[in-house]
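Each remark here refers to the structure printed beneath this line.
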Amino acid sequence: MHRFAKLGYIALNVSDTERSRNFYETLWGLEHTETGASGEMFFRCSDDHHNLVIYKSATPGLKRIGWEMESEADLDKIASVLEKNGQKVREVPAAERTALRQGRSIRFSDPFTGVTHEYYADQYRLGGRAWKPTVAKIQRLGHIVLKTPRYQEALAFYMDVLNYRVSDQVENYISFMRCFPNPFHHSFGLANSKEAQFHHMNFMVTEVDDIGKGLWRFRKNDVTVVRGPGRHPPSGSMFLYVLDPDGFTVEYSFGMEEFPEVEPRRHRVLPPGPESGDFWGAPTDPRMGAFGPIEVEQAAATGKVLQTA
Ligand SMILES: [Fe+2]
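Just so we're on the same page, our numbering is the position in the sequence shown counted from 1, plus 24.
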């Protein structure tokens, strides 16, 4: 079975790249690494070239999720398991993956949310320039949660075909998953919902002070806090959720359980209800996780399989 390294990057369609750049660079604490030829902007919170990419679009939403695999051989392995399960896998053309500063990359669009997943093993490095945190000591891109109306089917697909492992679940409501063998409690989550949508993306911070300082920085700069600070019972993480300029929900969290590759604990099932979401009882603004259309990639919509250029 293929092996994941980590959740690599998230690509968003935004209505105003400058406005979003100001938010993600100045207030959120990512480093802007490059602006591409089409105006797309790359940001990082690690030594990678990018962990977030924003594209200007008239229809803001989630564009793509990039997963770093342990090796290039894992690309062939995941492609073959996907094809065996009736999924179309597309090679990212050389010109596009070069613009993305990535090695060989492949994509497929999941039938349960419509999201395009991309798999690659290598991103260019920035001449060895190390990541330096600014307003928040961001450790890594943490996780992304999607909503789907085909929850049980999607869950089975992500576990059996894509090789994710469930760490914890709130019964019939949400599942938190590891991308095997990555140790973090969850890099991906699926929530049961009436429609397929992007729910939120998360960045892990180093200190509890990053949460507290963030809260006041966001208040001072008119950033809407939609939930928190609070603490999640499933992962033990302390959290703060805010809205980005387009209304996407973004989260800082601090602390996360790690799982061994061999003999991990069994997943727990928590009862539905607010006590499974937060130990501290923080109120939730209804705008949390409410906005986030998912782009259906043209190639997926037409069923056209791209060839390597
Ligand atoms: Fe989260």
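Even glycine gets a Cβ: it sits at the ideal position worked out from N, Cα and C.
What do you get for residue i, buried or exposed, if any count of 16 or more other CB atoms within 10 angstroms of its CB means buried?
i	result
W52	buried
Q193	buried
A333	Summary for A333: the model assigns pLDDT 32, below 50, so the residue's position carries little reliability; its value from the coordinates is reported in the next sentence. The residue in question, A333, is exposed, as its Cβ has fewer than 16 Cβ neighbours within 10 Å.
T122	exposed
T273	buried
F208	buried
G152	exposed
Q331	Its pLDDT being 41, under 50, Q331 is placed unreliably in this model, and the coordinates cannot settle the point.
T334	The question about residue 334 has no answer here: the residues shown for the chain are numbered 25 through 333.
W304	exposed
P295	exposed
E142	buried
A61	exposed
R43	exposed
M25	exposed
Roughly how many whole angstroms lie between the Cα atoms of residue i and residue j?
i	j	result
W240	Q126	37 Å
V293	R131	32 Å
F32	G213	Note that residue 32 is Gly in the sequence shown here, rather than Phe. Near 15 Å, if we compare the C-alpha coordinates of G213 and G32.
C203	R289	15 Å
R149	G260	33 Å
E299	I198	14 Å
G279	I235	11 Å
L36	A215	20 Å
With DSSP as the reference, please indicate the residues paired to residue i in a beta bridge.
i	result
Y265	R251 and E275
Y144	E92 and S129
F136	Paired residues: none, contrary to the question.
I318	L86
V293	Q193
K156	Beta-bridge pairing links K156 to no other residue.
Y188	C203
R114	R131
Regarding residue i and ligand 1, is the C-beta to nearest heavy atom distance less than 8 Å?
i	result
F263	yes
S277	yes
N216	no
N226	yes
G238	no
G166	yes
G213	yes
H256	yes
What do you reckon, is the C-beta of residue i under 8 Å from a heavy atom of ligand 2?
i	result
V169	Looking at this structure, you won't find ligand 2 anywhere; what it does contain is ligand 1.
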